[in-house]
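Asks: Quick one: the structure is below, questions incoming.
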Amino acid sequence: MHYHLKCTLCGAEYDSNAVRYVCPKHGDDGILDTILDYAKIAKETNPRKISDSRDFSIWRYAPLLPLDDARKSAPPLHVGWTPLYRSTTLGAQLGLPNLYFKDDGRNPTASFKDRASAVVVAKARELGVEIITTASTGNAGAALAGLAAAAKMPAVIFVPQTAPQAKIAQLLIFGARVILVKGTYDQAFDLCLQVSKSFGWYCRNTAYNPYTVEGKKTASFEICEQLAPSPVATGEGRSGDWKAPDSIFVSVGDGNVISGLWKGLRDLLALNWIEKMPKLLGIQAEGSAACYNAWKAGTEKITVVNAQTVADSISADLPRDGVRAVRAVRETGGAYLTVTDDEILAAIPELARGEAIFCEPAASAAYAGLKKAVKQGLVRSDETVVCMLTGNGLKDIASAMKVAGAGTVIEPTLEAVKQLNLK
Ligand SMILES: *Cc1c(COP(=O)(O)O)cnc(C)c1O
Numbered sequence: 387m388h389y390h391l392k393c394t395l396c397g398a399e400y401d402s403n404a405v406r407y408v409c410p411k412h413g414d415d416g417i418l419d420t421i422l423d424y425a426k427i428a429k430e431t432n433p434r435k436i437s438d439s440r441d442f443s444i445w446r447y448a449p450l451l452p453l454d455d456a457r458k459s460a461p462p463l464h465v466g467w468t469p470l471y472r473s474t475t476l477g478a479q480l481g482l483p484n485l486y487f488k489d490d491g492r493n494p495t496a497s498f499k500d501r502a503s504a505v506v507v508a509k510a511r512e513l514g515v516e517i518i519t520t521a522s523t524g525n526a527g528a529a530l531a532g533l534a535a536a537a538k539m540p541a542v543i544f545v546p547q548t549a550p551q552a553k554i555a556q557l558l559i560f561g562a563r564v565i566l567v568k569g570t571y572d573q574a575f576d577l578c579l580q581v582s583k584s585f586g587w588y589c590r591n592t593a594y595n596p597y598t599v600e601g602k603k604t605a606s607f608e609i610c611e612q613l614a615p616s617p618v619a620t621g622e623g624r625s626g627d628w629k630a631p632d633s634i635f636v637s638v639g640d641g642n643v644i645s646g647l648w649k650g651l652r653d654l655l656a657l658n659w660i661e662k663m664p665k666l667l668g669i670q671a672e673g674s675a676a677c678y679n680a681w682k683a684g685t686e687k688i689t690v691v692n693a694q695t696v697a698d699s700i701s702a703d704l705p706r707d708g709v710r711a712v713r714a715v716r717e718t719g720g721a722y723l724t725v726t727d728d729e730i731l732a733a734i735p736e737l738a739r740g741e742a743i744f745c746e747p748a749a750s751a752a753y754a755g756l757k758k759a760v761k762q763g764l765v766r767s768d769e770t771v772v773c774m775l776t777g778n779g780l781k782d783i784a785s786a787m788k789v790a791g792a793g794t795v796i797e798p799t800l801e802a803v804k805q806l807n808l809k
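Whatever position you read off the sequence shown (first residue = 1), add 386 for the working numbering.
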C-alpha cells in the first residue's frame with residue numbers, strides 16, 4: 387500500500403485496510419488525512435511526465451491518488467481538467483492583471499463535487515461495496531448520482547426537501563434513490579451516517595469519508611499545472627515547470643473543498659513540484675460563517691450557527707470539516723472573509739457579463755469575497771490570484787433571475803422592434 391491514514395486531531399496513524407472512515411478514538415469527528423509515500427511517487431512520475439499525458443481529466447494524477455489501480459476503478463465519466471481562464475475584464479477593474487478564474491461548473495454534473503465523487507466511487511469499486519450513499523445540500527448528491535450511474539452502482543441520496551429543484555432533478559434523472567429529508571442538511575447528514583452504519587452502505591459523507599479531499603485536491607494540481615509557462619504559447623519554459631499562484635479564493639461551507647485544495651498543495655510542496663505554498667482565502671456567507679468565526683477568534687473550536695443564506699451549497703450550521711478548513715487558512719497565511727447575500731447575488735451577473743461564466747450563488751461568493759479582499763488591501767496588485775468558481779448557474783435559476791433583469795415583451799412586428807430604439 388502506498389498510503390496510510392492519519393487522524394487530524396490526535397495524529398494516530400492507521401493502515402487504510404483497517405479503518406474505513408474516521409479515527410476510532412474520536413467518534414465521528416476524527417477526520418483522517420491520507421498520507422502518501424512521496425518517495426515512491428517521485429520514483430514513478432514527475433511533473434513533466436504528467437504534463438505529457440493525453441488524459442485530460444483528474445486521472446492524469448492517478449499516481450498521487452489513494453487508489454490501487456485507477457485505470458480499472460475510475461468511473462467512465464469525464465471529470466476535471468476544467469478551464470483556468472485569465473481574466474479579461476474583472477481583473478483590470480480590480481487592479482489585478484494576473485487574475486484567473488477556474489470554472490469547475492464545467493464538470494459533468496456541473497460542480498466541483500464531481501472530483502470527490504469520482505474518487506470515492508473508484509474507491510467503492512475497489513472495496514467491492516454494493517450500495518453507495520451520501521447526504522448533500524444538492525451538489526455532492528448530484529455528483530454521486532452521476533458518477534454512480536457511470537459506474538452502474540446503486541446510490542441512495544439524502545437531501546433537504548428544500549434543495550433547489552435543478553439539483554433534485556439531477557438526482558432523480560441519474561436514477562439515484564432520492565430521500566427528501568424534512569429538515570436541514572445537518573439533519574440529513576446525521577441520518578445518512580446512521581443509515582450507513584446500520585445497513586452497511588458505503589458512505590461518501592463529506593469529512594467522514596477520507597477520500598473526498600483526495601478527489602478535491604486535483605483542482606490544486608490542475609491550477610499549478612495550468613499556470614506553468616506554456617512552451618507552445620511563449621516558447622519559454624518546459625512542460626514540467628509547474629507554478630503555484632500567490633493566492634486562491636474559494637467559498638466555504640463544510641470546509642472540505644478548501645481542505646482539499648490545501649491537501650493538493652501540500653502534496654505538491656512535499657514533492658518539490660512547486661516552490662511555495664499559496665495563501666488560501668476562505669469566503670463564507672455572512673449568514674453561515676462558522677469557520678470565519680473560529681478563525682477570527684483564533685480557535686479551532688467550531689461553534690454551531692443557525693445557517694441562513696441564498697447560497698445553499700455553502701449553508702452549514704456545523705461545518706463538518708471546520709477544523710481543517712480553519713487550519714488551511716491559518717497555516718497558509720490567508721484569511722477568512724464574509725459576504726452578504728446581496729453581494730453574492732450581485733457577483734453572478736458581474737461574472738457572467740465580464741468573464742462569460744455563469745455561476746450559482748455558492749460559486750459567485752468567492753468572487754464577491756475577492757472584491758472585498760481587494761478593498762481591504764489583502765491582495766497586492768502584482769499577485770497571481772486564482773478565484774475558484776465551484777458550481778454552474780443553471781443549478782439555481784431562481785437566484786439568477788433575481789439579478790438577471792427581464793426580457794422585453796413585444797408584438798411580433800418589425801415596427802415593434804423599431805420602437806425599442808435598439809440602435
Ligand atoms: C460544496 C460546495 C462548496 C463548498 O464546499 P465545502 O466543502 O462545503 O466547503 C462551494 N461551492 C459549491 C458550488 C459547492 O457545491
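All C-beta atoms in this analysis are idealised placements derived from N, C-alpha and C, irrespective of residue type, glycine included.
Please read all numbers here as calculations on a predicted model, not as lab measurements.
Within the continuous alpha helix (DSSP H) that includes Thr-520, where are the two ends?
Replies: Stepping through the sequence shown from its first residue, residue 520 is reached at position 134. Bounds of any alpha helix (DSSP H) do not take in Thr-520; it lies within the beta strand (DSSP E) bounded by 518-521.
Asks: What does DSSP give as the partner residues of Tyr-678 in its beta bridges?
Replies: For the purposes of this step, residue 678 is taken as the residue at position 292 of the sequence shown. Bridge partners of Tyr-678: none, in fact.
Asks: Let me check you understand the geometry: is the CB of Asn-403 closer than 7 Å to at least one non-hydrogen atom of ligand 1?
Replies: Stepping through the sequence shown from its first residue, residue 403 is reached at position 17. The answer is no for Asn-403.
Asks: Tell me, which residues are paired with Thr-376 by DSSP?
Replies: One cannot answer for residue 376 here, as it falls past the ends of the chain, which runs 387 to 809.
Asks: Only counting the same chain, and skipping five residues up and downstream in sequence, which positions put a Cβ closer than 6 Å to that of Ala-675?
Replies: Start at 1 with the first residue of the sequence shown, and residue 675 comes out as number 289. Same-chain partners within the cutoff: Thr-724.
Asks: Please name the residue in Ala-502, Ile-660, Gly-708 and Asp-653 whose C-alpha comes closest to that of Asp-640.
Replies: For the purposes of this step, residue 640 is taken as residue 254 along the sequence shown, with counting starting at 1. Among Ala-502, Ile-660, Gly-708 and Asp-653, the Cα nearest to that of Asp-640 is on Gly-708.
Asks: Taking the alpha carbon of Ala-751 as the reference point, which residue from Asp-728, Val-507, Arg-716 and Ser-473 has its own alpha carbon closest?
Replies: For the purposes of this step, residue 751 is identified with residue 365 of the sequence shown, where counting begins at 1. Answer by Cα proximity: Asp-728.
Asks: Which parts of the stretch 730-800 are runs of the alpha helix (DSSP H), unbroken and 4 residues or longer, counting only runs that do not cross its ends?
Replies: 747-761 and 783-789
Asks: In whole angstroms, what separates the C-alpha of Leu-485 from that of Ser-582?
Replies: Walking along the sequence shown from the start, residue 485 turns up at place 99. Walking along the sequence shown from the start, residue 582 turns up at place 196. Straight-line Cα distance between these residues: approximately 42 Å.
Asks: Taking 8 Å as the threshold (C-beta atoms), are Cys-578 and Thr-520 in contact?
Replies: Here residue 520 refers to the residue found at position 134 when the sequence shown is read from its first residue. Here residue 578 refers to the residue found at position 192 when the sequence shown is read from its first residue. Between Thr-520 and Cys-578, the gap from beta carbon to beta carbon is short of 8 Å.
Asks: Can you tell me whether Cys-745 is buried or exposed, with buried defined as 16 or more other CB within 10 angstroms of its CB?
Replies: Looking up residue 745 in the sequence shown gives position 359. Its Cβ being crowded by 16 or more others within 10 Å, Cys-745 is buried.
Asks: For Ser-767, does the count of other Cβ atoms within 10 angstroms reach 16, so buried, or fall short, so exposed?
Replies: One-based indexing of the sequence shown puts residue 767 at position 381. Counting Cβ neighbours within 10 Å, Ser-767 comes out exposed, since fewer than 16 surround it.
Asks: Going along the chain, which residues of its own chain have a beta-carbon closer than 6 Å to the beta-carbon of Ser-701, five neighbours each way excluded?
Replies: Mapped onto the sequence shown, residue 701 falls at position 315. These residues qualify, in order along the chain: Ser-674, Ala-693 and Thr-695.
Asks: What separation, rounded to the nearest whole angstrom, lies between the Cα atoms of Ile-554 and Trp-659?
Replies: Position 168 of the sequence shown holds residue 554. Position 273 of the sequence shown holds residue 659. Taking the straight line joining both Cα atoms gives about 40 Å.
Asks: Determine whether the beta carbon atoms of Leu-780 and Ile-743 lie at a separation below 8 Å.
Replies: Residue numbering aside, residue 780 sits at position 394 when the sequence shown is read from its first letter. Residue numbering aside, residue 743 sits at position 357 when the sequence shown is read from its first letter. Not in contact: Leu-780 and Ile-743 (Cβ atoms no closer than 8 Å).
Asks: Helix, strand or coil: which one does DSSP assign to Arg-563?
Replies: Translated into positions along the sequence shown, residue 563 becomes position 177. Looking at Arg-563 - three-state DSSP - the assignment turns out to be strand.
Asks: Within a Cβ cutoff of 8 Å, which residues of the same chain sit near Asp-572, ignoring the five residues on either side of it in sequence?
Replies: On the sequence shown, residue 572 is found 186 positions in, with the first residue counted as 1. If we look at Asp-572 and ignore the five residues flanking it on each side, its Cβ neighbours are Ala-702, Asp-703 and Leu-704.
Asks: Excluding the 5 residues preceding and the 5 following Ala-502 in the sequence, name in chain order all residues of the same chain whose CB lies nearer than 6 Å to its CB.
Replies: Locating residue 502 in the sequence shown gives position 116, where the first residue counts as 1. If we look at Ala-502 and ignore the five residues flanking it on each side, its Cβ neighbours are Thr-598, Gly-601 and Lys-602.
Asks: Taking 8 Å as the CB-CB cut-off, is Gly-684 touching chain C?
Replies: Absent from the structure is chain C; it holds one protein chain and no more.
Asks: Can you tell me the Cα-Cα spacing of Arg-590 and Ile-518, whole angstroms?
Replies: Taking the first residue of the sequence shown as 1, we reach residue 590 at position 204. Taking the first residue of the sequence shown as 1, we reach residue 518 at position 132. Distance between the alpha carbons of Arg-590 and Ile-518 is about 7 Å.
Asks: What is the DSSP secondary structure of Arg-341, reduced to helix, strand or coil?
Replies: Since the first residue of the chain shown is 387 and the last is 809, residue 341 is not available in this structure.
Asks: The beta strand (DSSP E) spanning Ile-634 covers which residue range?
Replies: In the sequence shown, residue 634 corresponds to position 248, counting from 1. From DSSP, the beta strand (DSSP E) with Ile-634 extends over 633-637.
Asks: Quick check: the stretch 531-538 against the stretch 446-466, are at least 3 beta-carbon pairs closer than 8 Å?
Replies: yes
Asks: With Arg-511 as the anchor, note down where its alpha helix (DSSP H) starts and where it stops.
Replies: Here residue 511 refers to the residue found at position 125 of the sequence shown. Run containing Arg-511: 499-513, per the alpha helix (DSSP H) assignment.
Asks: How many Å lie between Leu-667 and Gly-569 at the Cα?
Replies: Within the sequence shown, the letter at position 281 stands for residue 667. Within the sequence shown, the letter at position 183 stands for residue 569. About 30 Å.
Asks: Starting from the C-beta of Ala-529, find all residues in its chain whose C-beta is less than 6 Å away, skip the five residues before and the five after it, and write them out in chain order.
Replies: Position 143 of the sequence shown, counted from the start, is the residue given in the question as residue 529. Correct list, in chain order: Thr-495, Lys-499, Asp-500 and Ser-503.
Asks: Kindly indicate which residue of Gly-763, Trp-467 and Lys-809 has the alpha-carbon position closest to the one of Ser-606.
Replies: Residue 606 sits at position 220 when you count from the first residue of the sequence shown. Ranking Gly-763, Trp-467 and Lys-809 by Cα distance to Ser-606 puts Trp-467 first.
Asks: Could you compute how far the alpha carbon of Arg-652 sits from the alpha carbon of Ile-796?
Replies: Numbered from 1 along the sequence shown, position 266 holds the residue referred to as residue 652. Numbered from 1 along the sequence shown, position 410 holds the residue referred to as residue 796. Approximately 57 Å between the Cα atoms of the pair.
Asks: Going by Cα to Cα distance, which pick from Ala-425, Trp-681, Glu-661 and Ile-543 is closest to Ile-669?
Replies: Here residue 669 is taken as the residue at index 283 of the sequence shown, counted from 1. When only C-alpha atoms are compared, the closest one is Trp-681.
Asks: Shorter than 7 Å, the distance from the beta carbon of Ile-644 to the closest heavy atom of ligand 1, or not?
Replies: For the purposes of this step, residue 644 is taken as residue 258 along the sequence shown, with counting starting at 1. Yes, Cβ of Ile-644 sits closer than 7 Å to a heavy atom of ligand 1.
Asks: Could you check what DSSP says for Arg-472 in three-state terms: helix, strand or coil?
Replies: Walking along the sequence shown from the start, residue 472 turns up at place 86. Residue state, collapsed to three classes: strand.
Asks: Could you check if Phe-442 is buried or exposed, using at least 16 other CB atoms within 10 Å of its CB as the buried criterion?
Replies: Translated into positions along the sequence shown, residue 442 becomes position 56. Its Cβ having fewer than 16 others within 10 Å, Phe-442 is exposed.
Asks: When you compare only the Cα positions, how much space is there between Phe-487 and Arg-472?
Replies: Your numbering for residue 487 matches position 101 in the sequence shown. Your numbering for residue 472 matches position 86 in the sequence shown. Each residue's Cα considered, the two are about 6 Å apart.
Asks: Flag Val-638 as yes when its Cβ comes closer than 7 Å to any non-hydrogen atom of ligand 1, and as no otherwise.
Replies: As a working mapping, residue 638 is identified with position 252 in the sequence shown. At least one heavy atom of ligand 1 is nearer than 7 Å to the Cβ of Val-638, so yes.
Asks: Write down the C-beta distance between Ala-671 and Ala-711 rounded to the nearest angstrom, noting that I regard them as a contact closer than 8 Å.
Replies: The residue you call residue 671 lines up with position 285 of the sequence shown. The residue you call residue 711 lines up with position 325 of the sequence shown. With 8 Å as the limit, Ala-671 and Ala-711 do not qualify as a contact, their Cβ atoms being about 14 Å apart.
Asks: Between which two residues does the alpha helix (DSSP H) containing Lys-433 stretch?
Replies: Mapped onto the sequence shown, residue 433 falls at position 47. Looking at the sequence shown, residue 433 is not Lys but Pro. From DSSP, the alpha helix (DSSP H) with Pro-433 extends over 433-437.
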